[in-house]
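**Student:**
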Amino acid sequence: MNESMPLNDYYVSTLPVEASSPRHPAPRSSAHRRTVRRAVASRLHRLADHLDS
1 MNESMPLNDY YVSTLPVEAS SPRHPAPRSS AHRRTVRRAV ASRLHRLADH
51 LDS
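FYI, in this note's numbering the residues of the sequence shown are 1 to 53.
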């Protein structure tokens, strides 16, 4: 599980850049960022579980 944390940090660190890109002129709310962060984290954990099996 520890190996997935840097990957999770990497994806989370790219979210604000994507949210502020010209394709998304409206600023993302902090609640939306938390929701996306949870979704990305759970997706990565499922991927890690799949790779472990």
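Built from N, CA and C at the ideal position, the CB exists for glycine as well.
Would you kindly work out how many angstroms separate the C-alpha atoms of Arg-37 and Leu-47, rounded to a whole number?
**Tutor:** 15 Å
**Student:** According to DSSP, is Ser-29 part of a helix, a strand, or is it coil?
**Tutor:** coil
**Student:** Note down the Cα distance separating His-50 from Ala-39, rounded to an integer number of angstroms.
**Tutor:** 16 Å
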